[in-house]
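Numbered as in this note's numbering, the sequence shown ends at 1223 without a single skipped number. Yeah, the Cβ is synthetic: ideal placement off N, Cα and C, and Gly gets one too.
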Amino acid sequence: QVQLVESGGGLVQAGGSLRLSCTASGDTLCISAMGWFREAPGKERDLVALITRGGSIDYADSVKGRFTIARDNAKNTVYLQMNSLKPGDTAVYYCNADCEVDFWGQGTQVTVSS
């Protein structure tokens, strides 16, 4: 079992920045990748950014050049730096850990006002 605790969401104006953090605990040795997904009202949960234990990174096209994912393996923590935020980024952001099965955090709300 893996437990994920997220922090860092909030309300920000368009063009602003936020940083999300997610710390994993429990059976962390099985984690091969960690990432962030988001779910806007009425929409599916979509990948935002993913980073593997080896450091390979993937971003959704909509956030490339604005968001940066980073991982501290020693702290079992993944970060998502979000810059130049847009109202379209408004969603609940979920941390994910791939440990043969998916584990999810509780979600953190990000709201970007115009």
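Between residue 1135 and the set 1217, 1186, 1191 and 1202, the nearest pair of CA atoms involves 1186. The region 1178 to 1185 makes no contact with the region 1115 to 1128; the number of CB pairs closer than 8 angstroms stays below 3.
In this structure, residue 1127 lies near residue 1191, with their beta-carbon atoms less than 8 angstroms apart. Separation of residue 1114 and residue 1167 (C-alpha to C-alpha, rounded to the nearest whole angstrom) is 22 angstroms.
Under DSSP, residue 1205 takes part in a beta bridge, and its partners are 1144 and 1213. Inclusion of residue 1111 and residue 1208 in the CB contact set at 8 angstroms is warranted, their separation being smaller than that value. Bounds of the beta strand (DSSP E) holding residue 1132 are 1127 to 1135. Beta-bridge analysis with DSSP links residue 1189 to 1129 and 1178. The residues 1190, in chain order, have a CB closer than 7 angstroms to that of residue 1177 in the same chain once the five nearest residues on each side in sequence are set aside. Taking the Cα positions, residue 1213 is about 7 angstroms away from residue 1206.
Residue 1145 and residue 1218 have their C-alpha atoms roughly 13 angstroms apart.
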